[in-house]
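Trainee: Using the numbering used here, the first residue of the sequence shown is number 251, and each one after it goes up by one. Before we start, here is the structure in question, set down as structure tokens.
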Amino acid sequence: MTPDELRTFCLSFNDAVEEFPFTPETSVFKVAGKLFALTALDRRPLTVNLKCDPEMALQLRAAHPEIVPGWHMNKRHWNTVTVDAELPDRQVRELIEDSYDLVVAGLPRAERLRLDRP
């Protein structure tokens, strides 16, 4: 997955926006003001921080060396995924979608319904 593909996929979700609250190089993808992905698109290797169910996070880390505890994040709930490593693009997209869905699940019901994600 290229940096452009990563950006395009993150922005394909309902109400997803890209912001730069930390540095001009750090893309923060949010839904309803809540972070679901964080990356430096020009950095190599390309990595992205993604929210993850804590039990699933442990399983993913054990199975894939390219998935590690979230760098500068709550390590129980966030993973850092090396995008341009051995993980198939399909799996990276699933991890991004899971992160988005976890964030949306924590929103008030009216927001979830507005986003068409009951």
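Glycine included, C-beta positions come from ideal geometry on N, C-alpha and C.
Per DSSP, what kind of secondary structure is residue 349 in: helix, strand or coil?
Mentor: helix
Trainee: Can you list, in chain order, the residues of its chain with a C-beta nearer than 7 Å to that of residue 323? Leave out the 5 residues immediately preceding and following it.
Mentor: 299
Trainee: Give the C-beta separation of residue 346 and residue 287 to the nearest angstrom, bearing in mind that I take them to be a contact with Cβ-Cβ under 8 Å.
Mentor: Contact between residue 346 and residue 287 holds, with the beta-carbon distance rounding to 6 Å and staying under 8 Å.
Trainee: Taking three-plus beta-carbon pairs below 8 Å as touching, is the segment 313-320 in contact with the segment 347-362?
Mentor: Under the three-pair Cβ rule at 8 Å, the segment 313-320 does not count as touching the segment 347-362.
Trainee: DSSP has residue 277 in a bridge; who is on the other side?
Mentor: Partner(s): 289.
Trainee: Grab me the residues of residue 251's own chain with a C-beta within less than 6 Å of its C-beta, minus the 5 sequence neighbours each way, in chain order.
Mentor: 333, 339, 342
Trainee: Where does residue 268 sit, in a helix, a strand or coil, going by DSSP?
Mentor: It is a strand residue.
Trainee: Expressed to the nearest angstrom, what Euclidean distance is found between the alpha-carbon atoms of residue 270 and residue 260?
Mentor: About 14 Å.
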